[in-house]
Each structure stands twice: as structure tokens, then as C-alpha cells.
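Only one structure is covered here, and it is reproduced in the block below.
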């Protein structure tokens with residue numbers, strides 16, 4: 302396989318190690334060893350040695366959520382996420398991606414988003430109600446726009462109540478996060494990301510809702526040399542915390558035990574474990590789940606639900622169980638995509654809110 306020497310070394314290091322097998326959210330949902338980093342590395346080591354064809358095992362490569370739980374747990378510093386992304390790129394370069402992945406890629410090419418959708422009436426209505434010109438942009442993101450539009454409406458309402466002037470793009474370009482997930486760092490991924498970066502250059506501040514988007518902007522965009530210099534790109538949670546600290550928003554603490562579902566992109570990739578938690582503490586009674594912050598367990602997303610919906614439902618149900626075990630009655634979720642996935646399987650005796658929804662409920 303045409304992957305980096307570092308990834309080949311990681312595959313060989315991981316293939317006989319059991320250290321992280323217990324923390325894979327997909328593996329815990331399916332109960333199958335094949336979904337752990339160890340088994341995936343063992344399989345790919347056989348591909349590298351010519352004993353197995355990549356096309357015969359590529360499905361397994363797309364069963365990884367890239368959440369980084371294995372990487373975070375590794376005491377010897379290996380990064381299985383890296384070799385998974387490189388193998389996906391290798392498959393794409395050799396036309397060996399599964400048909401269900403090709404369909405998602407085709408959606409991006411034909412409609413500009415992985416879901417193949419062409420309309421978002423809720424976001425169109427929001428665009429019509431906001432000024433068309435502003436130095437500040439609320440970047441909604443593909444997952445939010447098409448799968449969790451209420452998240453964007455609530456975030457916009459929070460900013461308005463806090464006195465923040467902003468606009469949103471009616472034809473917002475994709476950040477490249479979906480392609481990066483599906484095929485890794487390809488020319489198509491970089492071109493998609495560059496179009497978005499160029500569109501953001503005209504703004505002084507960009508407030509990003511989806512952690513998956515800002516992770517790509519802060520890391521990969523810089524690596525690829527396309528980061529829009531002179532533009533301050535920030536998370537929605539950081540802006541909300543400042544509005545609360547400055548007194549522009551005054552939450553009244555709700556008397557409900559609330560668990561906070563960290564986003565792995567924020568906690569593990571951007572080292573941001575405090576902002577969302579500070580918001581929950583200001584708005585409700587924070588009840589920490591056993592595995593939190595960088596030790597979090599991922600709760601699913603909308604992209605993988607496109608091709609393995611039953612497994613994603615099980616992943617989300619497992620995380621709901623974690624919240625119930627600490628006596629939480631409300632789950633507050635940082636990621637719009639995770640919010641949509643977990644809302645689908647919400648227990649009858651518990652509630653779910655996004656971060657902006659919780660803020661609105663408390664002011």
C-alpha cells in the first residue's frame with residue numbers, strides 16, 4: 302500500500318496489542334473484535350504483506366469513526382486514526398472504496414453535501430431574517446444545515462440575545478470535513494477546503510458551530526497552507542462563555558441533573574474541555590459521566606448513519622446508558638451531528654438539548 306512509513310509502523314505496532322480494545326465505541330456496540338484498532342491493524346498488515354486484497358477488507362476500514370479513543374488511550378503514542386485515513390485515501394486512489402461510500406462522494410460532487418440534499422428551509426428562513434453584510438459570520442456546517450437545523454436556529458438566537466451582530470451564508474461552502482472523513486487528504490479534499498477558506502477571508506470573525514468543521518480549519522487547513530490569515534475562527538462555545546462572563550447573557554440555573562457529552566474534535570483535537578462544561582455548569586446541575594473530557598465515549602454521528610445506521614443507533618444508546626448511570630435526566634450535547642444521532646434513540650424518561658438550546662432554556 303502507498304501509505305507513509307509511519308502508518309506502516311503503526312499497523313505493525315498495533316496488530317498484536319490489546320491495550321485499547323475496550324474503549325472503541327463501535328466495537329462496544331457491535332461486540333465484534335474486527336472493529337477494534339488491533340484487529341483492523343492485523344488485517345491491514347496482511348494487506349501490506351500481500352496475503353489479502355484491500356478490496357476484500359475495505360468495509361472494515363470504514364467502520365472506524367476516527368474518534369481517536371484508541372489514540373488517546375495508547376500509552377506508547379501510536380495513532381491508529383492516521384493509518385485508517387491513509388488507507389481510505391489509498392482505496393480512493395485505486396477505485397476500491399465501497400459502493401455505499403462512492404454514493405456519498407457522488408452526493409458531494411452533485412449537490413455540495415454528503416447527504417445529497419438541496420434544500421434547508423429552516424436555514425433559508427434564518428438567512429432572510431439576518432443582515433447580508435457583517436464582519437462576523439456564523440458558520441453553520443453541512444451536518445447542522447441538513448440534519449440538525451434547529452441547532453443553528455438556537456445558536457443564532459443565543460448570539461442575538463447576547464448582542465452579537467452576524468450573518469450566515471445562504472450558499473455556505475463545505476469545509477471539507479466530510480471528504481476528509483471519507484477519503485482523507487486528497488486533492489479533491491484540499492480543493493473543497495480551499496474554496497471554503499477563500500469564502501471566509503472576507504470576514505474578521507467566523508463562529509463555527511460544528512466541532513468537526515473547526516477541527517479541520519484549525520489543523521488541516523493550516524497544514525495545507527490555506528488558513529485564511531486575518532480571520533479569527535472560533536468555536537460557538539467560546540463565544541457563548543464570553544457572553545456569559547461579560548454579563549450579556551444571564552442564565553438562571555435549571556434544577557436538573559445534566560450530563561455533558563464532549564465532542565472528541567474539541568476535547569482531543571483542540572484540547573478544549575472547558576467551554577461547554579462551563580456553560581452547562583452555569584445553566585444547570587452538571588453531573589459528570591464516568592468517561593468524560595478526553596476520555597469521552599463517542600455517541601454517533603449522522604454521516605456514518607448513512608451507511609451503518611443500526612450500529613450508530615447502538616453507539617448512541619450505549620452513551621445514553623452512561624448518562625443514566627450517573628442519575629442525569631438531561632443530556633447536553635456539543636456536536637450537532639452527535640446531537641442528531643442521539644436524539645433519534647432518546648430514552649422516554651430523559652431529555653436532550655444542544656448547548657445553545659440549554660442556554661436559551663435558562664435565560
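In the numbering used here, the protein residues as written are 302 to 664.
For each residue, glycine too, the CB sits at the ideal point set by N, CA and C.
Computed from a predicted structure; not experimentally measured.
- Here residue 429 is exposed: its Cβ has fewer than 16 other Cβ atoms, across all protein chains shown, within 10 Å.
- Residue 592 sits in coil when the DSSP states are folded into three classes, being neither helix nor strand.
- By the C-beta density criterion, residue 503 is exposed, having fewer than 16 other C-beta atoms within 10 angstroms.
- Residue 365 has its alpha-carbon roughly 19 Å from the corresponding atom of residue 563.
- DSSP links residue 461 through a beta bridge to no other residue.
- Put simply, the segment 384 to 400 touches the segment 470 to 488. At least three CB pairs are less than 8 Å apart.
- Setting aside the 5 residues that flank it on each side, residue 658 is surrounded in the same chain by 455, each with a C-beta closer than 7 Å to its C-beta; the list follows chain order.
- The DSSP assignment places no complete beta strand (DSSP E) segment of no fewer than 3 residues inside the segment 378 to 416.
- Inter-residue distance for residue 541 and residue 398 is about 40 Å (C-alpha atoms, whole angstroms).
- Taking 8 Å as the upper bound for CB-CB distance, residue 440 and residue 508 are in contact here, some 7 Å apart.
- Relative to the Cα of residue 655, the nearest Cα in the group 603, 494, 581, 618 belongs to 581.
- Rounded to whole angstroms, residue 378 and residue 549 show a C-alpha spacing of 43 Å.
- In this model, residue 639 and residue 337 are separated by some 21 Å (Cα to Cα).
- Residue burial is scored here from C-beta neighbours: residue 348 has at least 16 other C-beta atoms within 10 angstroms and is therefore classed as buried.
- Nearest neighbour of residue 406 by Cα position, chosen from 424, 475, 368, turns out to be 475.
- Between the segment 444 to 461 and the segment 370 to 377 there are fewer than three C-beta pairs closer than 8 Å, too few to call the two in contact.
- Nearest Cα to residue 471 within the set 408, 641, 618, 424: 424.
- By the Cβ criterion, the segment 406 to 417 is not in contact with the segment 555 to 575, since fewer than three pairs of Cβ atoms, one from each stretch, lie closer than 8 Å.
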